[in-house]
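Colleague:
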DNA sequence: TACCGT
DNA sequence: AACGGT
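Residue numbers (full-length UniProt numbering): 1 to 201.
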């Protein structure tokens, strides 16, 4: 693997496990088997290293969500799969990372926000409309409003002030909120399918 | 690796 | 004192 990629991979791994501020540039250099000089040849400073590392991960996520959307297996299926992915993906991330990024790495945080605004919310709204057409979601729901609501719900899951990791398990919160949201929009026909999808694995 | 500034 | 940066 190329030096730059190796640094990014190892950095991301350590950031996720231990927190961005806990991991020093010296730690990363040691773990990657390179000198600090090499790191600073590739990256201007630690902030840029953080930015690039998270950007890579977010591009992976974006690709996953695109593929999910393109698979086109129905609105309920889509919501269930997204919830699963978020649970698996973020169960390996130390919850302190979110508040660290928000506080100390604003350009990196902006990346998250842009992704939510430009990509996630539109997709959710589309899927809500699709579910209405399929007859699985109640026809009277407002897709644009509920897309924003849903996005806020997902984001709140990672808010360690609202859900302190000492008292809450991110995965359980994620599932509870998902369940509540979807039950608020299902038709009777949708509820049947939802139970069916949930019991098949 | 040693070192400096914060 | 510890860590980013040279």
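We put the CB at the ideal spot given by N, CA and C, even for glycine. From a predicted model like this one, the values you see are computed outputs, not experimental measurements.
Within 10 angstroms of its Cβ, does residue 78 collect 16 or more other Cβ (buried), or is it exposed?
Modeller: For the purposes of this step, residue 78 is taken as residue 78 along the first chain, with counting starting at 1. Buried, since its Cβ has 16 or more Cβ neighbours within 10 Å.
Colleague: Which residues bound the alpha helix (DSSP H) around residue 193?
Modeller: Residue mapping note: residue 193 aligns to position 193 of the first chain, counting from 1. Element bounds for residue 193: 188-199.
Colleague: Touching or not, the segment 162-181 and the segment 124-143, by the rule of three or more beta carbon pairs under 8 Å?
Modeller: At 8 Å Cβ cutoff, the stretches do not touch.
Colleague: From this set, 66, 96, 45, 196, which residue's C-alpha is nearest residue 82's C-alpha?
Modeller: As a position in the first chain, residue 82 is number 82, starting the count at 1. Cα-wise, what sits closest to residue 82 is 66.
Colleague: Could you give the C-beta distance for residue 51 and residue 107, rounded to a whole number, given that I count them as a contact under 8 Å?
Modeller: Reading the first chain from its first residue, position 51 is the one you call residue 51. Reading the first chain from its first residue, position 107 is the one you call residue 107. Yes, they are in contact, since the Cβ atoms of residue 51 and residue 107 sit about 6 Å apart, within 8 Å.
Colleague: Between which residues of its own chain and residue 204 is the CB-CB distance below 7 Å, once the five residues before and five after are set aside?
Modeller: One cannot answer for residue 204 here, as it falls past the ends of the chain, which runs 1 to 201.
Colleague: Please name the residue in 127, 1, 11 whose C-alpha comes closest to that of residue 71.
Modeller: Here residue 71 refers to the residue found at position 71 when the first chain is read from its first residue. Minimum Cα distance to residue 71 is reached at 127.
Colleague: Whether or not the segment 171-185 and the segment 84-96 are in contact is what I'm after, with contact meaning three or more pairs of Cβ atoms, one per stretch, closer than 8 Å; do they touch?
Modeller: Output reads yes: the segment 171-185 touches the segment 84-96.
Colleague: Give me the DSSP bridge partner(s) of residue 79.
Modeller: Reading the first chain from its first residue, position 79 is the one you call residue 79. Answer is none; residue 79 lacks a bridge partner.
Colleague: Looking at the structure shown, is residue 64 part of a helix, part of a strand, or coil, going by DSSP?
Modeller: Within the first chain, residue 64 is the residue found at index 64, counting from 1. In this structure, residue 64 counts as helix in the three-state DSSP scheme.
Colleague: With residue 43 as the anchor, note down where its alpha helix (DSSP H) starts and where it stops.
Modeller: Within the first chain, residue 43 is the residue found at index 43, counting from 1. First-last for residue 43: undefined, no H or E at that position.
Colleague: Quick one, are the C-beta atoms of residue 92 and residue 16 less than 8 Å apart?
Modeller: To locate residue 92, count along the first chain from 1; it is residue 92. To locate residue 16, count along the first chain from 1; it is residue 16. Cβ atoms of residue 92 and residue 16: closer than 8 Å.
Colleague: Exposed or buried, which one is residue 24 when buried takes at least 16 other CB atoms within 10 Å?
Modeller: As a first step, residue 24 must be located in the first chain, where it is residue number 24. That one is exposed.
Colleague: Give me, in chain order, the residues of the same chain whose beta-carbon lies closer than 8 Å to that of residue 185; leave out the 5 immediate sequence neighbours on both sides.
Modeller: In the first chain, residue 185 corresponds to position 185, counting from 1. Only 128, 131, 137, 138, 141, 146 meet the Cβ criterion.
Colleague: DSSP beta-bridge partners for residue 137?
Modeller: What you label residue 137 is simply residue 137 of the first chain in a count that begins at 1. Note: residue 137 sits in a beta bridge opposite 186.
Colleague: Pick helix, strand or coil for residue 56, following the three-state DSSP scheme.
Modeller: The residue you call residue 56 lines up with position 56 of the first chain. Note: residue 56 maps to helix in three-state DSSP.
Colleague: With a threshold of 16 other CB atoms inside 10 Å of the CB of residue 103, please say whether the residue is buried or exposed.
Modeller: Taking the first residue of the first chain as 1, we reach residue 103 at position 103. It is exposed - the Cβ of residue 103 has fewer than 16 other Cβ atoms within 10 Å.
Colleague: Beta-carbon within less than 6 Å of residue 43's beta-carbon, same chain only, minus the 5 sequence neighbours each way: which residues are those?
Modeller: Start at 1 with the first residue of the first chain, and residue 43 comes out as number 43. So the list reads 49, once near-sequence residues are dropped.
Colleague: Hey, how far is the Cα of residue 63 from the Cα of residue 112?
Modeller: Along the first chain, read from residue 1 onward, the residue named residue 63 stands at position 63. Along the first chain, read from residue 1 onward, the residue named residue 112 stands at position 112. If you take the alpha carbons of residue 63 and residue 112, they lie about 15 Å apart.
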